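S.K.: Note that the protein sequences, when read in sequence, are chains A and B.
Going by the working numbering, the first sequence opens with residue 1, and the numbers climb by one from there.
Going by the working numbering, the second sequence opens with residue 1001, and the numbers climb by one from there.
The beta carbon of each residue, even a glycine, is placed where N, CA and C say it ideally should be.
Treat the numbers as computed from the prediction; the structure is a model and nothing was measured.
Below you'll find the structure I mean.
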Amino acid sequence: DNSYLIHDEL
Amino acid sequence: MNLFRLGGDLAHLVSIFILLQKITANKSAAGISIKTQILYSIVYVTRYIDVFTKWISLYTFVMKLIFIASSFYTVWLMHNTYKSTQNPQIDTFKIRYLIGGSIIMAAIFNHKLTFNELVWSFSIWLESVAILPQLFMLQRTGEAENITVHYIFALGIYRALYIPNWVYRWIFDQYFDYIATVAGIIQTLIYSDFFYVYYQRVMKGKKFELP
């Protein structure tokens, strides 16, 4: 799972 | 979105508002490290390099633009309008080591060897240490106006609240970003001594003076 690659946080 | 993250982002907005309010109302940038402000400008430009090419949400889009614009505006104000009120003789932290160290950290710890991922990682590491010139300046002065101290406090709260946010996302969203989390913990630890003095002095209505 590479969901962290989306970088949806500020 | 959870309350920790929203609270953190709002604390971040408040910190920017406090800083700009302090500078414009006092017509002075005394006690504020322009080096820290320059580092934040670099942090936001590198972190949000894809602001116009990758859509996440209206919320992140607007916030990113606010952070980039306000950090540049702050540096511009300090460098032009209120240049004479700066304290270059005590704002002497060598930021080249922070930038160099962050480049090395990004080269070692990144999610993917692409330009965007490398600058993203660089921005995370740089943000974790960007407050150091400001804290160093505070230490050299020994005391500060409460408004300056409130600014640093709000900025510290922003990153501190991201830690429970990551715990929440790890448990409920199966989301975990080890780079953001480790750098965020380092950043919060850098603030811990400051938080302690803030609690001891400012919360009890005293002036911020380092012991």
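Within 8 Å of any Cβ in chain A, is that where the Cβ of R1140/B sits?
M.R.: As a position in the second sequence, residue 1140/B is number 140, starting the count at 1. Taking Cβ atoms only, chain A never reaches closer than 8 Å to R1140/B, which makes this a no.
S.K.: Terminal residues of the continuous alpha helix (DSSP H) containing I1056/B?
M.R.: Position 56 of the second sequence, counting from 1, holds the residue named residue 1056/B. Element bounds for I1056/B: n/a, residue is neither H nor E.
S.K.: According to DSSP, E1229/B sits in a beta bridge with which residue or residues?
M.R.: Outside the displayed span of chain B (1001 to 1211) sits residue 1229/B, for which this structure offers no information.
S.K.: DSSP three-state label for H1111/B, please.
M.R.: As a first step, residue 1111/B must be located in the second sequence, where it is residue number 111. Residue state, collapsed to three classes: coil.
S.K.: Three Cβ pairs or more, each shorter than 8 Å: is that satisfied between the stretch 1071-1086 of chain B and the stretch 1163-1179 of chain B?
M.R.: Result no; under three Cβ-Cβ pairs closer than 8 Å.
S.K.: Return the first residue and the last residue of the alpha helix (DSSP H) that K1035/B is part of.
M.R.: Sequence index remark: in the second sequence, residue 1035/B carries index 35 (1-based). Segment I1034 to R1047, the alpha helix (DSSP H) holding K1035/B.
S.K.: To which residues of the same chain is Y1044/B closer than 6 Å at the C-beta, ignoring the five residues directly before and after it?
M.R.: As a position in the second sequence, residue 1044/B is number 44, starting the count at 1. Same-chain partners within the cutoff: F1067, I1068 and S1071.
S.K.: How about D1193/B: is its C-beta nearer than 8 Å to some C-beta of chain A?
M.R.: Here residue 1193/B refers to the residue found at position 193 of the second sequence. No, D1193/B does not count as interfacial toward chain A.
S.K.: Just to confirm, are T1081/B and S1028/B a CB contact at a threshold of 8 Å?
M.R.: As a position in the second sequence, residue 1081/B is number 81, starting the count at 1. As a position in the second sequence, residue 1028/B is number 28, starting the count at 1. No, Cβ-Cβ distance for T1081/B and S1028/B is not below 8 Å.
S.K.: Once the 5 residues before and after I1090/B are set aside, which same chain residues still bring their CB inside 8 Å of it?
M.R.: Taking the second sequence and counting its residues from 1, one reaches residue 1090/B at position 90. Only M1137, R1140 and T1141 meet the Cβ criterion.
S.K.: Please name the residue in I1179/B, F1052/B, E1143/B and T1024/B whose C-alpha comes closest to that of F1194/B.
M.R.: Locating residue 1194/B in the second sequence gives position 194, counting from the first residue. When each option's Cα is compared against that of F1194/B, the closest is E1143/B.
S.K.: Let me know the secondary structure DSSP gives E1127/B once reduced to three states.
M.R.: Here the question's residue 1127/B lines up with position 127 in the second sequence. Correct three-state label for E1127/B: helix.
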